[in-house]
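Notes follow once the structure below has been shown.
Protein chains: 2
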Amino acid sequence: MSRLNLNSNLLITSNPFSYKNRGQELEYLINKSNIYYYQNNIALIDKRPTPIKVVNYNYEINKITNAFFEKKSTTDYYGIYKGRYLDFEAKSTEIKTSFPLKNIKPHQIEYLKLILKHQGIAFFIIMFSKINEVYFLSLENFNNFINKYPNKKSIPLSFFKENGIEIKGNVSCPIDYLKALNF
Amino acid sequence: MSRLNLNSNLLITSNPFSYKNRGQELEYLINKSNIYYYQNNIALIDKRPTPIKVVNYNYEINKITNAFFEKKSTTDYYGIYKGRYLDFEAKSTEIKTSFPLKNIKPHQIEYLKLILKHQGIAFFIIMFSKINEVYFLSLENFNNFINKYPNKKSIPLSFFKENGIEIKGNVSCPIDYLKALNF
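Going down the list, the protein sequences come from chains A and B.
Terminal number for the first sequence in my numbering: 240, no gaps in between.
Terminal number for the second sequence in my numbering: 240, no gaps in between.
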């Protein structure tokens with residue numbers, strides 16, 4: 058099929074903060090995988106743009122001259138796969154043996170719970186960047202951990218190995234996370 | 058359930074152009090219906106923010122000082138209903154007997170076709186504002202019209218009456234468009 062001109066808000070969104078985020082590599086790899094899914098008619102997954110609040114628009118020069126990034130976004134990605142709605146948050150950590158829970162905001166968990174309630178597919182993609190391992194963790198398994206260990210401040214890597222699914226990939230689809238969904 | 062603090066990008070998005078658009082009333086009515094769907098756990102439908110391209114960010118004052126609205130958006134709304142992904146474009150016309158096709162951009166049709174290809178639900182909500190009638194028209198029926206009458210510049214109201222579904226509502230859910238989906 059022909060390449061549609063949807064890049065601006067469908068696949069790779071420019072982010073002036075990219076180079077400040079340690080999640081930048083993960084974002085790049087997921088976006089590349091999403092392009093692969095799109096070009097091969099597998100799924101249509103979009104990165105949510107960071108919400109911007111426009112304070113002033115100058116009609117004479119047709120430009121926004123005052124705006125700011127709103128703090129509260131929901132999750133990083135959403136889209137359609139085989140008719141189903143899916144939504145996930147992707148995070149990267151440099152810690153080798155556990156994932157610090159402070160990386161996930163409570164309103165993001167609430168939002169994913171809402172997706173689950175509406176029978177959508179809600180999950181996390183967690184990258185352990187120092188050991189080059191990436192895991193798919195369903196919201197259900199994430200919640201199981203939180204409920205079982207309400208006082209823990211991080212999820213150990215061993216929990217991901219036992220309850221998550223390690224995501225592999227290749228050059229064209231470096232994080233082939235849809236393989237973790239078996240339907 | 059408690060009201061989540063998701064308003065900023067989930068339900069009502071502020072748009073500095075609202076008062077210039079004749080679609081403003083339709084947007085208000087659909088957003089109100091989406092709040093109803095959200096509050097009653099029926100569906101989670103989001104208005105896509107207009108894509109903004111940030112040109113300059115001033116780190117000293119933490120503000121965007123130069124940006125512009127990108128022309129190419131995809132469609133107005135997307136979301137989840139009973140696990141399914143849905144996507145639609147909403148348009149209003151003041152013409153009483155037909156809907157001018159120039160209101161729908163080719164890239165929007167291409168995008169909705171892509172949603173359909175991925176087994177999502179793709180449709181239009183068309184408001185005839187002068188006669189206070191609102192119609193649900195599936196992408197399939199829209200395409201049928203385009204293919205049958207490739208040279209027509211508008212879809213007559215009679216086509217909506219025969220092939221679409223008139224959408225009714227009430228004060229709390231003024232455009233109850235999910236009723237048109239029977240699954």
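Glycine included, each C-beta is placed from N, C-alpha and C at the ideal position.
- Against chain A, the CB of B:Phe145 has no partner CB under 8 Å away; the residue lies outside that interface.
- B:Glu82 and A:Leu83 have their C-alpha atoms spaced approximately 41 Å apart.
- Taking one beta carbon from each stretch, the region 136-150 of chain B and the region 168-176 of chain A have 3 or more pairs nearer than 8 Å; the two touch.
- According to the DSSP assignment, A:Glu190 belongs to the beta strand (DSSP E) that extends over Glu190 to Ser195.
- The beta carbon of A:Gly221 does not come within 8 Å of any beta carbon belonging to chain B, so the residue lies off that interface.
- Two segments are said to touch when three or more pairs of C-beta atoms, one from each, lie closer than 8 Å; by this definition the region 145-162 of chain A does not touch the region 111-123 of chain A.
- Of all residues in the region 124-145 of chain A, the ones placed with a Cβ closer than 9 Å to any Cβ belonging to chain B are Ala124, Phe125, Phe126, Glu127, Lys128, Lys129, Ser130, Thr131, Tyr135, Gly136, Ile137, Tyr138, Lys139, Gly140, Arg141, Tyr142, Leu143 and Asp144, in chain order.
- Within chain A, the residues whose beta carbon sits less than 8 Å from that of B:Ile109 are Pro106, Ile109, Val111, Ile121 and Ala124, listed in sequence order.
- Looking from the CA of B:Tyr135, the closest CA among A:Glu127, A:Ala124, A:Asp103 and A:Glu197 belongs to A:Asp103.
- Among the residues of chain B, those whose CB is under 7 Å from the CB of A:Gln176 are Lys139 and Gly140, following chain order.
- Within the region 90-104 of chain A, contact with chain B at the beta-carbon level (separation under 7 Å) is assigned to Asn98, Ala100 and Leu101.
- Taking all protein chains shown into account, B:Val112 has fewer than 16 neighbouring C-beta atoms within 10 Å of its C-beta and is therefore exposed.
- Non-local beta-carbon contacts of A:Leu214 in its own chain, meaning distances under 7 Å to residues more than five positions away in sequence, involve Thr154, Ser155 and Phe185 in chain order.
- Three or more Cβ pairs drawn from the region 124-133 of chain B and the region 96-110 of chain B lie within less than 8 Å of each other, which places the two stretches in contact.
- Under the Cβ criterion of 8 Å, A:Leu171 is counted among the residues facing chain B.
- Taking a cut-off of 8 Å for Cβ pairs, the region 187-201 of chain A and the region 209-223 of chain A touch, as three or more such pairs fall below it.
- Just measuring C-alpha positions, the residue of B:Asn88, B:Pro231, B:Tyr192 and B:Ile172 sitting nearest A:Ile99 is B:Ile172.
- Listed in chain order, the non-local C-beta contacts of A:Pro207 below 8 Å within the same chain number zero, local neighbours out to five positions each way being set aside.
- Note: A:Pro157 is bridge-paired with A:Ser211 in the DSSP secondary-structure output.
- By the C-beta density criterion, B:Ser195 is buried, having at least 16 other C-beta atoms within 10 angstroms.
- B:Lys148 and B:Ile161 have their C-alpha atoms some 8 Å from each other.
- In the three-state reduction of the DSSP assignment, A:Tyr206 falls in the coil class, being assigned neither a helical nor a strand state.
- Within the model, the alpha-carbon separation for B:Thr150 versus B:Asn220 is close to 18 Å.
- Of the candidates B:Asp144, B:Asn115 and B:Tyr116, B:Asp144 places its Cα closest to the Cα of B:Tyr234.
- Taking every protein chain shown into account, the CB of B:Gln96 has fewer than 16 other CB atoms within 10 angstroms, so this residue is exposed.
- Within 10 angstroms of the beta-carbon of B:Glu146 lie 16 or more other beta-carbons, which makes it buried.
- In this structure, A:Ile232 and A:Ile188 do not form a Cβ contact; the two beta carbons are roughly 15 Å apart against a cut-off of 8 Å.
- In this structure, B:Phe193 sits near B:Ile224, with a CB-CB distance shorter than 8 Å.
- Listed in chain order, the alpha helix (DSSP H) runs fully inside the region 106-192 of chain B are 163-174, counting runs of at least 4 residues.
- Membership of A:Leu86 in the alpha helix (DSSP H) is indicated by the continuous run Gln81 to Gln96.
- For B:Lys225, the three-state secondary structure derived from DSSP is coil.
- By alpha-carbon distance to B:Lys218, the top candidate from B:His164, B:Glu190, B:Ser229 and B:Ile203 is B:Glu190.
- Taking A:Ile222 as the centre and dropping the five residues before and after it, the same chain places the C-beta of Phe193 and Ala237 closer than 6 Å to its C-beta, in chain order.
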